[in-house]
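In our numbering, the protein residues as written are 6 to 215.
Backbone N, C-alpha and C fix where the C-beta goes; we use that ideal spot for every residue, glycine too.
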């Protein structure tokens, strides 16, 4: 199913030219969410970390193991934004990313924040009265739906295993229970500490002391 792109409307399905009116919220009414990097996000916890207009798109990307880096759609900014790690996309998904770039929907940012990571930056500029909730939501859902599901990157598998190890070390039954009791900042600090104590080339739940 092909998509159309209109600068004033974003990417949309041709047969659905009218945006739903059940969520009339503007970006000017969306509160900012302060959260750590999206590597901590699971499909069931997206709403805790992602601002409302981007929740469904990010949920679909997480289900497909598409590595998101940052996102923003709140009243503090003048745009809606979603960034994806370009280098960690599968070859078919990089072709999709390149097509989005050709259409003017996205751009590549080299060496994001001084790192070796290149990101696919997908930005919508706000209008004088802000961006309507539905316009943001449909734009990013349409983009998310273009990508294929892919296998998690090795580092993502390690993070998942480290979190499992950390939850057990802290006395929690599950990672979800740990996330409900510990802040994302605390978890990230613990993860960094554990990374420094073990050689994670082997099973992190066994681990080899350095």
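(request) Output the distance between the C-alpha atoms of residue 111 and residue 189, rounded to the nearest integer angstrom. (result) Approximately 29 Å between the Cα atoms of the pair.
(message) Between the alpha carbons of residue 138 and residue 179, how many angstroms are there, rounded?
(response) 34 Å
(request) Look up residue 97 in the DSSP assignment and say whether it is helix, strand or coil. (result) Of the three classes helix, strand and coil, the one that applies to residue 97 here is helix, per DSSP.
(message) Need the endpoints of the alpha helix (DSSP H) that residue 52 sits in, please.
(response) 51-54
(message) Measuring only the C-alpha atoms, how far is residue 59 from residue 173?
(response) 32 Å
(request) Out of 143, 198, 78, state which residue places its alpha-carbon closest to the alpha-carbon of residue 32. (result) 78
(message) Is the beta carbon of residue 125 closer than 7 Å to that of residue 170?
(response) no
(request) Excluding the 5 residues preceding and the 5 following residue 177 in the sequence, name in chain order all residues of the same chain whose CB lies nearer than 6 Å to its CB. (result) Hits under 6 Å: 183.
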